[in-house]
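In order, the protein sequences belong to chains L and D. First residue of the first sequence: 6, per the working numbering; consecutive thereafter. First residue of the second sequence: 6, per the working numbering; consecutive thereafter.
There are 2 protein chains.
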Amino acid sequence: MVAATLQNDTFLRALQRQPVSYTPVWLMRQAGRYLAEYNQTRSRAGSFLGLAKNPDFATEVTIQPLERFPLDAAILFSDILMIPDAMGLGLEFVAGEGPRFAHPLRTEADVNKLAVPEMDELRYVFDAVSQIRQTLNGRVPLIGFAGSPWTVSCYMVEGQGSSDYRNIKTMLYAQPALLHRILEVTAQATLQYLNEQIRAGAQAVMLFDSWGGVLADGLYQQFSLAYIKQVCDGLLREYNGQKIPVIVFTKGGGLWLEDIVTSGCDAVGLDWTVNLAKARARINDSVALQGNLDPMSLFGTEESVRQEVRRVIDDFGPVGNGGHVFNLGHGISQFTNPEIVSVLVDEVHAYSQKMHK
Amino acid sequence: MVAATLQNDTFLRALQRQPVSYTPVWLMRQAGRYLAEYNQTRSRAGSFLGLAKNPDFATEVTIQPLERFPLDAAILFSDILMIPDAMGLGLEFVAGEGPRFAHPLRTEADVNKLAVPEMDELRYVFDAVSQIRQTLNGRVPLIGFAGSPWTVSCYMVEGQGSSDYRNIKTMLYAQPALLHRILEVTAQATLQYLNEQIRAGAQAVMLFDSWGGVLADGLYQQFSLAYIKQVCDGLLREYNGQKIPVIVFTKGGGLWLEDIVTSGCDAVGLDWTVNLAKARARINDSVALQGNLDPMSLFGTEESVRQEVRRVIDDFGPVGNGGHVFNLGHGISQFTNPEIVSVLVDEVHAYSQKMHK
């Protein structure tokens, strides 16, 4: 297949800190339950896994938000738990309770059985990437993604979401070598997985370190960032003559920004607790920043949403040699009114132009 | 009553950055469910509220951890939701689900009815403080506490714990003036409440801003810190000739340390994501720091617990003109083995001495 010419490269340019005429915007979890059309497709698919594992459905829901809003990037519809699913941990989505593994990793014997899965087990993901690229036909770039090794390991060890991470932290403090083995295998799998996504057509990749922020200072660097760096080091940073920018997002990781930059990423995602002006200054614009509107601000009025959007853009300030990709600081809530998302995107595009003179 | 002479003032001195011979230690939620004797008292009390509202029981459980461990401070056994309970919101503790209010604040009419409660409604708290002071008989100082206005308001508006704070954030973004009224009344109530605790015998006070870290940068300062400052400004900072140090703890607030110091507090509590060396440098030792061991580190081995304790103490470094109170970065888990708490306290006391030459 010959790739269609990219008609809107604002997102890719901003990630590389190249001049653009406005701040590009996409939203974490932009294809999701706040959209009626997503719920309809999911209902046809029968289940979340039925949706995520079927390239036709995955393509359909990936495109849906672009039909509603002039977003500057698409992101593969998938889940960060597809790797451990392919590792044989038995992923299930229990209604109203979120993901759960039938076989969590708790003992040395469990860990000894762990291996990098055959990438063919994840073929449906790469097929979805190819199909989405074809369907996009150059409209906007496509982002591929994976969870960070630490975050994926949290689910693998806990077996489900957790409020205190007691199982994985017990392992971290009492048997660190065992946890390092899990992280090592997961990092290798993640690297292969993302490189396959790039070969299938992903034009940028993002690592979601959703739970890095629960780690103590010092241990974040050893148990999360070191493995993010391992992935970044092995990624295809150029493919078919195109640069493939890499975004690293540790939720709750604002204090570690200087460290995160050492991963070699092109951009760092930030949550809403971080002041973007201070963040730029701390790293001297050495990478682009992505973020960082509070997703809950979308429960305000049209006027307050415009005001909060302007506040984020003002915080970043004149873009100069930096790079800013507008986003939420976490996934959009399923209870969000889609109408207000139009307001957000409109305000980002209109208000940000003055920052790009 | 004539107060007994304080036999161990290490904690109060460290908060005021005066020389001490070792780093004092106490643990958030040190009187709690990880102790069998606590569960026995609670069972006799019949319920959590039965325990917290009875000065005899509250005294008993406050003292329990001191009988086991050579801690350097006692903290009043109570709950941050006693103020809204006294405001008539109808506090209940549903087994296995945590606190819940029968009458959460959702509408302007709800808010219009809100008023600072008569402090007499909270007499049982002040009686507990007096009784604990008498029972302590000068053994260690007694800490009084309250929730921050923002954190208490989160519960008042949500009506219970929340994962996304949708109700209060909707109010914050859509009707900020309404939320400011709740915060104003709550701040006034908190101020009166803490001053009554001081008059009853509390020798230091702490504001728990457990949920300040969910706010966006800029909004934390307006909706949480401004009201913490209001409380700090009105507190009795000296009583009966004794200084009353004030500790402010915003969980997840490490990025805002410089701002928190402007509240006028004597010490800032920090969670385990913050590096203590960097924190000291950022504020040039202008206040003491309290923290910041990950409570989950207590699920490690005896050796790993000693190592993590030493890491925190090493991070703070030679105390010099600063002040360090050792603590966890959050309440101790109910699943903690009490034996390991002895190890923690022992290591803090032994290892920290070299930092106080």
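Yeah, the Cβ is synthetic: ideal placement off N, Cα and C, and Gly gets one too.
Count the other C-beta atoms from every protein chain shown that fall within 10 angstroms of the C-beta of D:N142, then say buried if there are 16 or more, exposed otherwise. D:N142 comes out exposed.
Taking Cβ-Cβ distances shorter than 9 Å, what residues in chain D pair up with L:R285? Neighbours of L:R285 on chain D: none; closest Cβ ~13 Å, over 9 Å.
Ordered list of alpha helix (DSSP H) runs contained in the segment 77-105 of chain L, each at least 4 residues: 87-91
Touch test, the segment 295-308 of chain D against the segment 269-281 of chain D, Cβ-Cβ under 8 Å, three pairs minimum: yes
Starting from the Cα of L:T156, find the closest Cα among L:G95, L:Q180, L:I85 and L:P104 and give me that residue. Closest in C-alpha terms to L:T156, from the list L:G95, L:Q180, L:I85 and L:P104, comes L:I85.
Need the endpoints of the beta strand (DSSP E) that D:Q136 sits in, please. Here D:Q136 belongs to no beta strand (DSSP E); instead the alpha helix (DSSP H) covers R128 to L141.
Interface residues of chain D around L:N342 at Cβ under 7 Å? Per Cβ cutoff of 7 Å: no residues; L:N342 is ~11 Å from chain D at best.
Start-to-end residues for the beta strand (DSSP E) that takes in D:D214: Looking at the DSSP string, the run of the beta strand (DSSP E) that includes D:D214 is A209 to D214.
Does the segment 34-45 of chain L come close enough to the segment 334-353 of chain L that 3 or more CB-CB pairs lie under 8 Å? yes
Tell whether a beta-carbon distance below 7 Å holds between D:Y198 and D:I88. yes
Candidates L:R138, L:Q69 and L:L127: closest to L:A8 by CA position: L:R138
Please list the terminal residues of the continuous beta strand (DSSP E) segment that includes L:H108. First-last for L:H108: undefined, no H or E at that position.
Output needed for D:V219: all residues of its chain with C-beta closer than 6 Å, excluding positions within five of it in sequence on either side, in chain order. Y170
In the structure shown, what three-state DSSP assignment does L:N200 receive? helix
Can you say whether D:K359 is buried or exposed, counting buried as having 16 or more other CB atoms within 10 angstroms of its CB? Answer is exposed; the Cβ neighbour count stays below 16.
My output table needs one value for L:Y244: the three-state DSSP class, helix, strand or coil. Three-state result, L:Y244: strand.
Runs of 3 residues minimum, wholly inside the segment 222-298 of chain D: which ones carry the beta strand (DSSP E) assignment? 251-255, 272-274 and 293-298
D:G101 and D:Q165 look like a contact to me (Cβ under 8 Å); what is the Cβ gap, rounded to whole Å? Not confirmed; about 13 Å, so no contact.
Span of the beta strand (DSSP E), counted from its first residue to its last, around L:V330: For L:V330, the uninterrupted beta strand (DSSP E) segment begins and ends at H329 to L333.
Collapsed DSSP secondary structure at L:A194 in the structure displayed: Helix, per DSSP.
By the 10 Å Cβ neighbour count, where 16 or more other Cβ atoms means buried, how is D:P75 classified, buried or exposed? exposed
Within 7 Å, strictly: CB atoms of L:P146 and L:A63: Here L:P146 is not near L:A63, since their CB atoms are 7 Å or more apart.
Looking only at its chain, what residues have a beta carbon closer than 8 Å to the beta carbon of D:L81, apart from the 5 residues adjacent to it on each side? A63, T67, V130, A133, V134, I137, L147, I148, G149, F150, Q202 and A207
Check the Cβ of D:F304 against every Cβ in chain L and list those closer than 8 Å, keeping chain order. R171, K174, T175, Y178 and A179
Using beta carbons (cut-off 7 Å, strictly below), is L:A221 in contact with chain D? yes
How about L:D214 and L:S153: are their beta carbons less than 7 Å apart? yes
Name, please, each residue of chain L whose Cβ falls closer than 7 Å to the Cβ of D:L260. G259, L260, T278 and V279, listed in chain order.
Buried/exposed call for D:Q45, threshold 16 Cβ in 10 Å: exposed
Starting from D:G55, follow the alpha helix (DSSP H) in both directions and report where the run begins and ends. F53 to A57
Can you confirm whether the segment 314-332 of chain D touches the segment 53-60 of chain D when touching is taken to mean that 3 or more C-beta pairs between the two stretches lie within less than 8 Å? no
Coil, strand or helix - L:Q165 by DSSP: strand
Less than 7 Å between the beta carbons of D:V121 and D:V210, yes or no? no
As a quick exercise: from D:E307, D:I265 and D:G322, pick the residue whose alpha carbon is nearest that of D:L281. D:G322
Could you tell me whether any Cβ in chain D is nearer than 7 Å to the Cβ of L:M1? Only positions 6 to 362 of chain L appear in this structure, which leaves residue 1 of chain L out of reach.
In the DSSP assignment, what residue or residues form a beta bridge with L:L147? L:A79
Option nearest D:E307 by Cα separation, candidates D:T10, D:C159 and D:E352: Measuring C-alpha to C-alpha distances from D:E307 to each of D:T10, D:C159 and D:E352 identifies D:E352 as the nearest.
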